[in-house]
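Below is one structure, written out as structure tokens, with a few remarks after it.
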Amino acid sequence: MSHIQVRDDQGVRIISFNRPEKRNAFNLEMYQQLTEYLIQGEADNDIRAFMFHGTDDCFTSGNDIVDFLQSGALDDNHPTVKFLFCLLDLKKPVVAAVTGAAVGIGTTLLLHCDLVYADNKAKFQMPFVNLALVPEAASSILLPSIVGQHKAAELILLGDAFDAETAAQLNLINRVVAPDELISFSLAQAKKLAAQPPLSMQASKQLLRHNQAQVKAQMKLELVQFTERLQSDEAKQRFKAFLNK
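Letter by letter, the sequence shown follows residues 0 to 244 of numbering that gives the first Met the number 0.
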């Protein structure tokens, strides 16, 4: 069974992360599938919005560390890099429904979504510095623009987990939804987006994200720094300790 599942419903492409035995951690194959489903949906006129969700108890715990450390250089051909730039360039709106862990990329990908809903079981975390790395997915520029410089520094430099109520207060998510209503409510919102005039929707999204060139440049800079940090002795020590757990 594929760890990325997809179905289309009334103009919404619903993409779910389904690797519960690894807390939905992303491996290279999952990144490849995600990118393919997004590109296909972007080219399909019948698809007018996307929606991400995980399993009942987890959004995603981030990257599969073992797989990621063996994945080679973070160049333009790397599946993770392709996914990030694909997500950044999407013209159609994206909704996310979050429950359980949303760690690393599980939080930073939300910065590229247009609407984000979570239940009270959601836990967000960006532990990049904790692993001797740096932020990714343009979070170093997007996060301060949303929550402010000092709060962004706290979330990134300390890397502590925070709950859905805090995420809502920081405007990282739109609202907290009851667990038994999260998927249905988020899908209903995605269907509302899909029912809007598509060209107007895409033009409006582009206007709201007018700083895309700057965001893309920052993402590239992050990747350079991330690669350097990934090869450092302190990162190797942190990953060794993490894997030994």
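Glycine is no exception: its CB is placed at the ideal position from the N, C-alpha and C atoms. As the structure is a prediction and not an experimental result, all values here were calculated from the model.
Residues of its chain near residue i, where Cβ-Cβ distance is below 6 Å and the 5 sequence neighbours each way are ignored
i       : result
Leu-242 : none
Phe-161 : Phe-123
Gln-201 : Lys-90
Tyr-36  : Val-5, Ile-14
Leu-172 : With the sequence shown as reference, residue 172 is identified as Ile, and Leu is not the correct amino acid for it. Result list for Ile-172: Val-115, Ala-117, Ala-166, in chain order.
Lys-244 : none
Bridge-paired residues (DSSP) for residue i
i       : result
Val-128 : BP columns for Val-128 are empty, so no partner.
Ile-13  : Arg-6, Met-50
Ala-117 : Val-97, Val-175
Val-102 : Gln-124
Phe-184 : Phe-184 pairs with nothing; no bridge assigned.
Cys-57  : Thr-54, Ala-100
Asp-162 : Lys-122
Phe-82  : Phe-82 pairs with nothing; no bridge assigned.
Of the listed residues the options, nearest to residue i (C-alpha basis)
i       : options                            : result
Cys-57  : Lys-90, Asn-17, Asp-232, Gln-39    : Asn-17
Arg-174 : Phe-127, Gln-213, Asp-118, Leu-73  : Asp-118
Leu-87  : Ser-1, Ala-136, Glu-221, Gln-168   : Ala-136
Leu-156 : Thr-165, Gln-124, Ser-183, Leu-37  : Gln-124
Ala-95  : Ile-140, Ile-104, Cys-112          : Cys-112
Leu-68  : Leu-130, Ser-15, Ser-185           : Leu-130
Gln-39  : Gly-105, Ala-101, Val-5            : Val-5
Thr-165 : Asn-76, Tyr-30, Ala-121, Leu-110   : Ala-121
Pro-92  : Asp-74, Thr-54, Asn-170, Ala-194   : Ala-194
Leu-73  : Leu-27, Asn-210, Leu-109           : Leu-27
Thr-106 : Ile-3, Asn-170, Glu-41             : Asn-170
Leu-140 : Leu-110, Asp-159, Val-102, Gln-168 : Note that residue 140 corresponds to Ile in the displayed sequence, not to Leu. The candidate whose alpha carbon is nearest that of Ile-140 is Leu-110.
Status (buried if at least 16 other CB within 10 Å, exposed otherwise) for residue i
i       : result
Val-65  : exposed
Lys-239 : exposed
Ala-177 : exposed
Arg-22  : buried
His-52  : buried
Leu-114 : buried
Gly-71  : exposed
Pro-196 : exposed
Leu-207 : exposed
Ser-183 : exposed
Ser-138 : buried
Cutoff 7 Å; reference residue i; Cβ partners in own chain excluding five residues on either side
i       : result
Pro-1   : Strictly speaking, residue 1 in this sequence is Ser, with Pro absent from that position. These residues qualify, in order along the chain: Gln-32.
Ala-24  : Arg-18, Thr-59, Ser-60, Gly-61, Asn-62, Asp-63
Val-133 : Phe-127, Glu-221, Gln-224, Phe-225, Arg-228
Leu-181 : Ala-96, Thr-98, Tyr-116, Asp-118
Ser-231 : Ala-131
Residue i at chain B interface by Cβ criterion, 9 Å
i      : result
Asp-55 : Although the question refers to chain B, the structure presented lacks it and comprises just one protein chain.
Own chain partners of residue i with C-beta closer than 8 Å, once the 5 adjacent residues on each side are dropped
i      : result
Glu-41 : Leu-89, Lys-90, Lys-91
Item checked: Inter-stretch contact (C-beta, 8 Å, three-pair minimum) for the region 35-55 and the region 0-14 -> yes
Next item on the list: Decide yes or no for the touch test of the region 215-234 against the region 71-80: beta carbon pairs closer than 8 Å, at least 3 of them.
Entry: yes
Notebook entry, point to check: Is there contact here, the region 133-151 with the region 182-189, by at least three beta-carbon pairs under 8 Å?
Noted result: no
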